[in-house]
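Visitor: I'd like to ask you about the structure that follows.
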Amino acid sequence: MSKLATIGHRLYTGEISYDFIGHRRRWYILSAILIAIALISLIWRGLDFGIEFSGGADFKAPTQVNAQTVDSMREALGNSGVSDLDEAIVSTIGDNQVRVQTRTLDPTEEVPKVRAAIANEVGINPDQVAYSLIGASWGGQITERALIALAVFLALVALVIGIYFRDAKMSAAALIALVHDVMLTIGIYALVGFTVTPATLIGLLTILGYSLYDTVVVFDKVRENVRDIRSSTTRTYSEAANLAVNQVLVRSINTTVIGVLPVVALLFAGAVILGEGPLKDLALALFVGMVSGAYSSIFIATPLLAQMKEREPDMKKLAARVRARRAKESQKEGAAETPGSAPTAQLAADVAASDAGATDDAEPSNAPPEKASAAAGNGAKPMTVTYKTDVRSHRDGAAKRPQPQNKPRSQRKK
Amino acid sequence: MATTTGHPGRTLIVLAVLVAGLITLMAVSGTWTPKLGLDLRGGTTITLTATNTTGTGTVDPNSLQLAKTIIQSRVDSLGVGESEVTTAGDNQIIVTVPNVQQDELVRLVGQTAVLRFRAVYAAEQVQPPEPTPTATSEPTQSATTAPSDEPTAGASETAQAPSDEPSAPASTEPSGTGNNKPLPALPTAPPVPLDKACVPADGQGTPPDKALEWQPTEACQTAFAEFTCETQVNDVADQGLFACNQEKNEKYLLGPTLIEGNQLATAVAGIPQNNVNWVVNLEFNSEGGAAFEQATREISQKTEPQNRFAIVLDGVSISAPSVNEAIPGGRAEISGNFTQKSATELANVLKYGALPLAFDVSEVSNVSATLGGEQLRAGIIAGIVGLMLVIGYCFWYYRGLGIVVVASLGIAAILTYACVVLLGSSVGFALNLPGIAGIIVAIGITADSFVIFFERIRDEVREGRSLRTAVETGWRRARQTILIADTVSLLSALVLFVLAIGSVKGFAFTLGLTTLIDVVVVFLFTKPLMTLLARTKFFGGGHRLSGLDPEHLGVQALPGSRSRRPVVPRPAVLSEERA
Numbered sequence: 012m013s014k015l016a017t018i019g020h021r022l023y024t025g026e027i028s029y030d031f032i033g034h035r036r037r038w039y040i041l042s043a044i045l046i047a048i049a050l051i052s053l054i055w056r057g058l059d060f061g062i063e064f065s066g067g068a069d070f071k072a073p074t075q076v077n078a079q080t081v082d083s084m085r086e087a088l089g090n091s092g093v094s095d096l097d098e099a100i101v102s103t104i105g106d107n108q109v110r111v112q113t114r115t116l117d118p119t120e121e122v123p124k125v126r127a128a129i130a131n132e133v134g135i136n137p138d139q140v141a142y143s144l145i146g147a148s149w150g151g152q153i154t155e156r157a158l159i160a161l162a163v164f165l166a167l168v169a170l171v172i173g174i175y176f177r178d179a180k181m182s183a184a185a186l187i188a189l190v191h192d193v194m195l196t197i198g199i200y201a202l203v204g205f206t207v208t209p210a211t212l213i214g215l216l217t218i219l220g221y222s223l224y225d226t227v228v229v230f231d232k233v234r235e236n237v238r239d240i241r242s243s244t245t246r247t248y249s250e251a252a253n254l255a256v257n258q259v260l261v262r263s264i265n266t267t268v269i270g271v272l273p274v275v276a277l278l279f280a281g282a283v284i285l286g287e288g289p290l291k292d293l294a295l296a297l298f299v300g301m302v303s304g305a306y307s308s309i310f311i312a313t314p315l316l317a318q319m320k321e322r323e324p325d326m327k328k329l330a331a332r333v334r335a336r337r338a339k340e341s342q343k344e345g346a347a348e349t350p351g352s353a354p355t356a357q358l359a360a361d362v363a364a365s366d367a368g369a370t371d372d373a374e375p376s377n378a379p380p381e382k383a384s385a386a387a388g389n390g391a392k393p394m395t396v397t398y399k400t401d402v403r404s405h406r407d408g409a410a411k412r413p414q415p416q417n418k419p420r421s422q423r424k425k
Numbered sequence: 112m113a114t115t116t117g118h119p120g121r122t123l124i125v126l127a128v129l130v131a132g133l134i135t136l137m138a139v140s141g142t143w144t145p146k147l148g149l150d151l152r153g154g155t156t157i158t159l160t161a162t163n164t165t166g167t168g169t170v171d172p173n174s175l176q177l178a179k180t181i182i183q184s185r186v187d188s189l190g191v192g193e194s195e196v197t198t199a200g201d202n203q204i205i206v207t208v209p210n211v212q213q214d215e216l217v218r219l220v221g222q223t224a225v226l227r228f229r230a231v232y233a234a235e236q237v238q239p240p241e242p243t244p245t246a247t248s249e250p251t252q253s254a255t256t257a258p259s260d261e262p263t264a265g266a267s268e269t270a271q272a273p274s275d276e277p278s279a280p281a282s283t284e285p286s287g288t289g290n291n292k293p294l295p296a297l298p299t300a301p302p303v304p305l306d307k308a309c310v311p312a313d314g315q316g317t318p319p320d321k322a323l324e325w326q327p328t329e330a331c332q333t334a335f336a337e338f339t340c341e342t343q344v345n346d347v348a349d350q351g352l353f354a355c356n357q358e359k360n361e362k363y364l365l366g367p368t369l370i371e372g373n374q375l376a377t378a379v380a381g382i383p384q385n386n387v388n389w390v391v392n393l394e395f396n397s398e399g400g401a402a403f404e405q406a407t408r409e410i411s412q413k414t415e416p417q418n419r420f421a422i423v424l425d426g427v428s429i430s431a432p433s434v435n436e437a438i439p440g441g442r443a444e445i446s447g448n449f450t451q452k453s454a455t456e457l458a459n460v461l462k463y464g465a466l467p468l469a470f471d472v473s474e475v476s477n478v479s480a481t482l483g484g485e486q487l488r489a490g491i492i493a494g495i496v497g498l499m500l501v502i503g504y505c506f507w508y509y510r511g512l513g514i515v516v517v518a519s520l521g522i523a524a525i526l527t528y529a530c531v532v533l534l535g536s537s538v539g540f541a542l543n544l545p546g547i548a549g550i551i552v553a554i555g556i557t558a559d560s561f562v563i564f565f566e567r568i569r570d571e572v573r574e575g576r577s578l579r580t581a582v583e584t585g586w587r588r589a590r591q592t593i594l595i596a597d598t599v600s601l602l603s604a605l606v607l608f609v610l611a612i613g614s615v616k617g618f619a620f621t622l623g624l625t626t627l628i629d630v631v632v633v634f635l636f637t638k639p640l641m642t643l644l645a646r647t648k649f650f651g652g653g654h655r656l657s658g659l660d661p662e663h664l665g666v667q668a669l670p671g672s673r674s675r676r677p678v679v680p681r682p683a684v685l686s687e688e689r690a
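Here the protein sequences line up with chains A and B, keeping their order.
Take 12 as the starting number for the first sequence in the numbering used here and just add one per residue.
Take 112 as the starting number for the second sequence in the numbering used here and just add one per residue.
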């Protein structure tokens with residue numbers, strides 16, 4: 012049996028859980044480093060835009076590639092009778108194609124000459140030299156359209172997010188995750204120096220949709236878990252959100268794996284079989300973006316959301332109530348479990364703390380009262396510390412719970 | 112969609128009818144393979160961008176349509192077949208021609224239409240090269256009708272020997288028998304290139320108002336004698352020109368431009384009152400009208416063939432009527448032995464020539480058939496590998512439920528294929544490489560719907576429902592999520608389709624199409640199938656390979672069979688961690 016499925020179940024009930032929100036600094040730092048690398052490479056190396064954006068000509072001819080292919084092709088270009096071809100880039104694709112990229116050429120005068128020169132060099136008919144040509148002004152127009160597309164798409168996605176979540180903080184967290192994914196993808200392109208083509212751009216825009224969808228899946232569950240949170244003292248917002256992430260973790264992994272597998276196949280076909288072209292460009296952008304989208308929805312978007320929500324006065328009060336209740340419960344528990352050694356109830360907490368090692372059974376519930384009481388005594392404690400406390404107490408509490416604490420869905424609001 | 116809960120069998124029959132219907136449609140249209148884009152079978156795509164030469168910036172949609180028709184006929188004249196000319200956006204024309212790599216095509220398509228009125232200096236019958244099947248008009252304009260019965264009539268087609276008439280002087284030999292201008296018989300090769308022969312030594316052009324005084328040099332006349340209709344000639348406005356008519360059975364030595372095409376306001380084909388023959392009515396703007404009156408006055412005084420003027424489009428004389436009198440008022444009528452078709456064609460050509468549009472070759476993309484085949488192969492391999500990976504993962508993770516995934520993806524594949532084929536044969540949708548990529552990416556989107564559904568069923572079982580109930584309640588919740596996911600995907604596909612330029616549009620299109628198909632498959636196939644499977648012993652009973660077994664779900668026994676509530680064991684992992 013696959014381990015993942017049983018893990019999935021235990022994640023669902025909260026029986027095992029990873030503290031995504033408590034460890035958020037770790038992931039923020041990781042993302043910050045990645046984005047810094049992306050930005051630096053973007054500034055330092057820039058993006059390599061394809062001829063579609065700048066205008067130019069691209070010739071491809073089948074040939075048996077050897078060590079001299081590039082040099083002899085360069086020479087052939089020099090003798091083609093077309094001026095200003097010194098800047099031309101000659102490269103080989105795999106072992107059976109040679110590629111020549113030049114400035115934009117006149118379609119009726121210069122293209123036939125260059126084609127003939129290339130064909131002559133590799134010994135084929137000029138008609139077999141495939142080429143594409145982009146006029147300089149056309150390239151400018153494509154760039155303009157691409158920028159418009161990007162802006163329109165971002166605006167629309169922001170709108171969809173706003174309408175769907177109807178919550179400024181959720182929208183903000185989702186948007187940040189989105190920007191995060193796009194930045195990382197662009198960064199990879201800058202870092203590795205892949206050529207940016209219209210296909211790349213389409214891939215990039217598609218990522219926006221995917222990233223949004225990933226975030227929707229997680230946030231939906233968060234919403235479900237926090238629906239009645241104000242009227243109860245079971246969990247803080249962060250805990251509810253953390254449970255949601257754990258509950259959808261397996262699904263997120265499955266969704267991402269299943270989404271990425273065909274993209275991997277595309278990438279393989281595009282990069283290995285064809286070498287160049289829209290398949291590779293699309294698949295690469297999608298691949299990076301999808302992985303990043305799954306990562307950001309779990310490690311970035313949800314912690315951000317929880318962090319922002321915990322700042323609300325409501326949620327602060329809730330957190331205080333939850334802490335108070337837990338402190339009370341653990342006091343009771345401590346008193347019940349160590350009846351002999353605790354003469355007075357008012358010192359129960361301290362006693363429970365000092366008894367930490369005494370009873371194995373009480374161990375999981377030991378830490379919370381200790382710190383919770385400390386927190387109760389000092390209201391000005393930094394948020395992060397109380398966070399950790401809460402989450403740990405939740406985690407430990409889960410271990411004691413035999414049943415999932417959330418109500419069956421049928422009993423919640425329809 | 113309401114039927115999906117109650118009658119799984121009925122829903123499946125609906126789907127079966129849908130699939131059968133699509134297959135029948137394919138059989139009826141007789142196409143079983145999708146229409147492939149040029150990047151998959153080789154060919155040339157040329158994108159032209161029109162700009163308004165009057166400087167107002169906008170391009171009139173009607174003008175663009177007309178330009179499209181003319182460019183189509185230019186491409187057709189190459190006889191390449193299966194070519195396609197479409198408009199895109201508000202100022203683009205896209206020409207796609209399969210399996211043609213000729214540089215000639217780009218030259219022909221990209222060239223700006225130049226319509227000019229020029230005086231005929233000399234005309235000469237020539238042997239047509241070969242009867243071309245693509246000739247746009249029959250020799251219908253060969254007969255003369257005197258323009259006597261129409262007061263407005265100003266010009267009429269001159270008598271020309273029909274191309275097949277045996278009495279036509281054979282003039283393959285270069286020693287020209289110019290109609291009334293005996294040419295020097297010296298067979299000396301022209302010292303300058305043919306089309307430069309008529310440029311005066313000082314290179315000065317002749318403005319329209321002096322055009323009628325233009326006289327060809329001797330070198331020019333020699334060159335004309337050697338000129339054949341196969342020779343390409345540069346059409347320069349203020350210089351003389353060699354041109355042939357469309358049937359290539361008459362060649363002309365023409366003077367510099369008298370009237371530019373843009374001085375022609377409109378051209379309409381019609382039958383005048385009290386007449387039975389088709390004519391083409393021309394209307395000039397005021398400037399053009401004045402020039403035309405002036406020109407016709409002078410020309411009408413001259414003798415054949417100098418009493419004719421030629422209407423030259425793209426270096427070809429599309430009509431060379433003779434003039435009997437001065438035509439005032441900026442209106443003229445070309446009569447001849449027109450049919451409705453030929454008159455309309457001539458009118459269209461004239462209108463096109465008058466279009467204030469200039470075309471710019473924005474993009475040429477040329478894929479050899481070999482490369483196209485390779486791209487197709489790579490696309491198919493990627494599709495198969497992607498499908499196998501997804502199916503493999505689903506079997507590994509969902510065990511027996513993998514069968515549901517395979518069956519659903521199979522149905523989705525059949526529907527997608529049928530839709531692509533039918534869209535190809537009905538609206539000309541051509542599947543290109545980004546399109547294939549869209550379909551492959553959609554495998555993930557489609558399979559994701561199953562993941563959502565299956566995970567929901569499992570959640571329901573974990574919360575204590577029997578499997579049969581879990582399928583139904585899980586479906587109600589999963590349905591929402593699937594619809595939201597598909598809406599997001601469909602929306603982005605739509606926006607991408609609107610915003611994308613060129614071939615990447617194909618990606619957005621197939622992504623949107625397959626998303627819709629995903630909805631159909633999940634609602635009409637996967638859900639009813641699951642309902643039926645939940646009734647079987649293998650799945651409903653939680654066989655250990657079914658993917659719904661208690662161990663797999665982490666419950667001790669399937670609810671509804673023995674124990675009512677699942678009992679969760681104490682977590683060993685955590686206490687170890689804490690120890």
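From the three backbone atoms N, C-alpha and C, an ideal C-beta is built for every residue, glycine too.
Keep in mind the model is a prediction, meaning the values are calculated, not measured.
Based on DSSP bridge pairs, tell me the residues matched to residue 149(A).
Guide: Along the first sequence, read from residue 1 onward, the residue named residue 149(A) stands at position 138. DSSP lists no partner for residue 149(A).
Visitor: Are residue 180(A) and residue 329(A) touching if we call contact CB-CB under 8 Å?
Guide: By 1-based counting over the first sequence, the position of residue 180(A) is 169. By 1-based counting over the first sequence, the position of residue 329(A) is 318. Result no, Cβ atoms of residue 180(A) and residue 329(A) do not sit closer than 8 Å.
Visitor: Distance check for residue 491(B) and residue 124(B), CA to CA, integer angstroms please.
Guide: Looking up residue 124(B) in the second sequence gives position 13. Looking up residue 491(B) in the second sequence gives position 380. Computed Cα separation, rounded: 31 Å.
Visitor: Leaving aside the five residues before and after residue 124(A) along the sequence, list all residues of the same chain whose C-beta is less than 7 Å from its C-beta, in chain order.
Guide: The count along the first sequence starts at 1 and reaches residue 124(A) at position 113. Hits under 7 Å: 91, 92 and 93.
Visitor: Please say whether residue 230(B) and residue 365(B) have beta carbons closer to each other than 8 Å?
Guide: Your numbering for residue 365(B) matches position 254 in the second sequence. Your numbering for residue 230(B) matches position 119 in the second sequence. In contact: residue 365(B) and residue 230(B) (Cβ atoms closer than 8 Å).
Visitor: Would you kindly check if the distance between the Cβ of residue 160(A) and the Cβ of residue 216(A) is under 8 Å?
Guide: Here residue 216(A) is taken as the residue at index 205 of the first sequence, counted from 1. Here residue 160(A) is taken as the residue at index 149 of the first sequence, counted from 1. Yes.
Visitor: Let me confirm a value: residue 144(B) is counted as buried when at least 16 other C-beta atoms fall within 10 Å, else exposed. Which label applies?
Guide: Taking the second sequence and counting its residues from 1, the one referred to as residue 144(B) is at position 33. Looking at its Cβ environment, which holds fewer than 16 other Cβ atoms inside 10 Å, residue 144(B) is exposed.
Visitor: Which residues of chain B have a Cβ atom closer than 9 Å to the Cβ of residue 99(A), listed in chain order?
Guide: For this step, residue 99(A) is matched to residue 88 along the first sequence. Correct list: empty, because the minimum Cβ distance to chain B is about 17 Å.
Visitor: When you compare the CB of residue 33(A) with every CB in chain B, is at least one pair closer than 8 Å?
Guide: Working through the first sequence from its first residue, we reach residue 33(A) at position 22. Not one chain B Cβ lies under 8 Å of residue 33(A).
Visitor: Identify whether residue 331(A) lies in helix, strand or coil by the three-state DSSP scheme.
Guide: What you label residue 331(A) is simply residue 320 of the first sequence in a count that begins at 1. Looking at residue 331(A) - three-state DSSP - the assignment turns out to be helix.
Visitor: Would you mind sorting residue 646(B) into buried or exposed? The rule is 16 or more other CB atoms within 10 Å of its CB.
Guide: In the second sequence, the residue the question calls residue 646(B) occupies position 535. Exposed, since its Cβ has fewer than 16 Cβ neighbours within 10 Å.
Visitor: Go to residue 371(B), then tell me how far its alpha helix (DSSP H) extends in each direction, as first and last residue.
Guide: Numbered from 1 along the second sequence, position 260 holds the residue referred to as residue 371(B). It is not in any alpha helix (DSSP H) - residue 371(B) instead sits in the beta strand (DSSP E) that spans 361-371.
Visitor: Of all the options 31(A), 190(A), 182(A) and 335(A), which has the alpha carbon lying nearest to the alpha carbon of residue 245(A)?
Guide: Taking the first sequence and counting its residues from 1, the one referred to as residue 245(A) is at position 234. Comparing Cα positions, the closest option is 335(A).
Visitor: Output, in chain order, the set of chain A residues within a Cβ distance shorter than 7 Å of residue 551(B).
Guide: Indexing the second sequence from 1 puts residue 551(B) at position 440. Within 7 Å Cβ-Cβ: 273, 276 and 277.
Visitor: Expressed to the nearest angstrom, what Euclidean distance is found between the alpha-carbon atoms of residue 197(B) and residue 184(B)?
Guide: Locating residue 197(B) in the second sequence gives position 86, counting from the first residue. Locating residue 184(B) in the second sequence gives position 73, counting from the first residue. Taking the straight line joining both Cα atoms gives about 13 Å.
Visitor: Judging by CA-CA distance, which residue of 566(B), 627(B), 628(B) and 600(B) is the nearest neighbour of residue 658(B)?
Guide: On the second sequence, position 547 is the one that residue 658(B) refers to. Ranking the options by Cα distance to residue 658(B), first place goes to 566(B).
Visitor: From residue 598(B) to residue 273(A), what distance separates their C-alpha atoms?
Guide: Against the second sequence, residue 598(B) aligns to sequence position 487. Against the first sequence, residue 273(A) aligns to sequence position 262. Spanning the two alpha carbons is a distance of roughly 21 Å.
Visitor: Residues in the same chain with beta-carbon distance under 7 Å from residue 98(A), minus the five sequence neighbours each way, listed in chain order, please.
Guide: Stepping through the first sequence from its first residue, residue 98(A) is reached at position 87. Cβ within range, chain order: 114.
Visitor: Indicate whether residue 153(B) and residue 483(B) have their beta-carbon atoms separated by less than 8 Å.
Guide: Taking the second sequence and counting its residues from 1, one reaches residue 153(B) at position 42. Taking the second sequence and counting its residues from 1, one reaches residue 483(B) at position 372. In this structure, residue 483(B) lies closer than 8 Å to residue 153(B) by Cβ.
Visitor: Determine the chain A residues that contact residue 504(B) at a beta-carbon separation under 9 Å, and present them in chain order.
Guide: Looking up residue 504(B) in the second sequence gives position 393. Per Cβ cutoff of 9 Å: 265, 268, 269 and 272.
Visitor: When the cut-off is 8 Å and only beta carbons count, does residue 171(A) lie next to chain B?
Guide: Here residue 171(A) refers to the residue found at position 160 of the first sequence. Yes, its Cβ sits closer than 8 Å to a Cβ of chain B.
Visitor: So the alpha helix (DSSP H) residue 38(A) belongs to, where does it begin and stop?
Guide: Taking the first sequence and counting its residues from 1, the one referred to as residue 38(A) is at position 27. Segment 35-55, the alpha helix (DSSP H) holding residue 38(A).
Visitor: For a test of the three-state rule: what should DSSP assign to residue 527(B), helix, strand or coil?
Guide: Within the second sequence, numbered from 1, the residue matching residue 527(B) stands at position 416. It is helical.
Visitor: Have a look at residue 404(B) and residue 464(B) and give me their C-alpha separation to the nearest angstrom.
Guide: For the purposes of this step, residue 404(B) is taken as residue 293 along the second sequence, with counting starting at 1. For the purposes of this step, residue 464(B) is taken as residue 353 along the second sequence, with counting starting at 1. The straight-line gap from Cα to Cα measures roughly 20 Å.
Visitor: In whole angstroms, give me the CA-to-CA distance for residue 443(B) and residue 449(B).
Guide: Taking the first residue of the second sequence as 1, we reach residue 443(B) at position 332. Taking the first residue of the second sequence as 1, we reach residue 449(B) at position 338. Answer to the nearest angstrom: the Cα atoms are 16 Å apart.
Visitor: Are there 16 or more other CB atoms within 10 angstroms of the CB of residue 360(B), so buried, or fewer, so exposed?
Guide: The residue you call residue 360(B) lines up with position 249 of the second sequence. Under this definition residue 360(B) is a buried residue.
Visitor: Could you list which residues in chain B have their beta carbon closer than 9 Å to that of residue 143(A), in chain order?
Guide: Position 132 of the first sequence holds residue 143(A). Ordered by position in chain B, the residues that pass the 9 Å Cβ test against residue 143(A) are 156, 474, 475, 476, 477 and 478.
Visitor: Using 8 Å as the limit for Cβ to Cβ distance, is residue 134(A) near chain B?
Guide: What you label residue 134(A) is simply residue 123 of the first sequence in a count that begins at 1. Not an interface residue.
Visitor: Counting only beta-carbon atoms, is residue 193(B) nearer than 8 Å to chain A?
Guide: One-based indexing of the second sequence puts residue 193(B) at position 82. Closer than 8 Å: no.
Visitor: Do you know whose CA, among 584(B), 639(B), 653(B) and 537(B), lies nearest residue 691(B)'s CA?
Guide: Residue 691(B) falls outside the range modelled here, since chain B spans only 112 to 690, and no answer is possible.
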